[in-house]
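Worksheet for the structure shown next.
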């Protein structure tokens, strides 16, 4: 897979796509293939019963300006169960690191028909602006947001965003306006003194700002009742579990992309995903890109949290409890062992630490070099 990704990035190679699949147990990636033909050739390898990740290289030529951009793709087959779809988000961060750096992300496509060169181009143009020929004087114009500016003579700074020939230049996150009432609603969800356990906002049609939809009690089901299939929503859900004397409070960030939205609109959502995540941070887990309200339930949220943190359950034999850690189940009795304390924190804003990883001194020296 690493060799295939290097091939896609190489200016000397015609390879412009690489694709891998997530193994059913979620522990590793498997190379599916690489080749020429761009997004359409990659899409031909997709199936509705698996999870795929890919990298596509796009090259544009405007006058003497060559643009090379890389788009990371995540695909969640439409035939996968709600629980399997939810669990995919537990590995998303690790997979993104394998494919980084990239300029844009086509997030959580569910049908091969959504993966096209037109969709990829629309996504890139939304982020970087679209340069096009200007017949009047053989110059070009560049769209930046809602504005179109003329390019003639020396290339202006805005145009240079789109005309760099250095393939590893990566875009900064898009800014997004969040209303004060949304911030207040999120604070309410996080407060131990408030019964509010969900808050929901919608992305405005032009993608420039968020709008508070509501907040309240009733958890994931109450939040799901506010969703519709013609818009994009983001929410925060608070979950509280009680096992013996141990209280667990966790927060789950939700992204919802209505199933009635066009392929182009679905693709453009990924341009603001990073900015939205910052508004809702910190959170313990993410239920990514749900498309039907029926996918947003307490059971789905719990399955996601249990996949990440382990699931404590009653042990009838001695009224103690057991805790699942990975594939192992350990018994909890008397003093709470360290592993169990991961799940028993009562501090509502405590967020799980990233998994530790040993880095040798020679690697640090090489990176400095």
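Numbering (the numbering used here), first residue to last: 289 to 657. A virtual CB, placed ideally from N, CA and C, is assigned to each residue, including glycine. Owing to the predicted nature of the structure, the values given are computational and were not obtained by experimental measurement.
In the structure shown, residue 593 falls within a helical segment according to DSSP collapsed to helix, strand and coil. Runs of the alpha helix (DSSP H) spanning 4 or more residues and lying entirely within the segment 486-551 occur at 507-512, in chain order. Here DSSP, grouped into helix, strand and coil, assigns residue 388 to coil. Unbroken beta strand (DSSP E) stretches of 3 residues or longer found wholly inside the segment 343-404: 353-364, 392-397, given in chain order. A direct Cα-Cα distance of roughly 42 Å separates residue 411 from residue 481. Under the three-state reduction of DSSP output, residue 340 falls in the strand class. The residue among 584, 470, 540, 502 with its C-alpha nearest the C-alpha of residue 570 is 540. Using a Cβ-Cβ distance cut-off of 8 Å, the segment 540-552 and the segment 504-519 are in contact, since at least three pairs of beta carbons, one from each stretch, lie closer than that value. Taking a 10 Å sphere around the C-beta of residue 485, we find 16 or more other C-beta atoms and assign the residue as buried. A distance of 8 Å or more separates the beta carbons of residue 584 and residue 526. In terms of Cβ geometry, residue 491 and residue 467 do not form a close pair [threshold 8 Å]. For the pair of segments examined, the segment 546-559 was found not to touch the segment 587-595: the number of CB pairs separated by less than 8 Å stays below three.
Between residue 344 and residue 326, the CB-CB gap stays under 8 Å. Leaving aside the five residues that flank residue 336 on each side, the residues in its chain whose CB is nearer than 6 Å to its CB run, in chain order, 365, 366, 367.
Bridge pairing for residue 574: 541 [DSSP]. Residue 546 counts as buried, since at least 16 other C-beta atoms from the protein chains shown sit within 10 angstroms of its C-beta.
Under the three-state reduction of DSSP, residue 649 is assigned to helix. In this chain, the alpha helix (DSSP H) harbouring residue 567 covers 561-568. Taking the CA atoms as reference points, residue 469 sits about 29 Å from residue 396. The Cβ-Cβ distance between residue 324 and residue 559 does not fall below 8 Å. DSSP places residue 411 within a helical segment (H, G or I) once states are collapsed to three. Under the three-state reduction of DSSP, residue 481 is assigned to coil, being neither helix nor strand.
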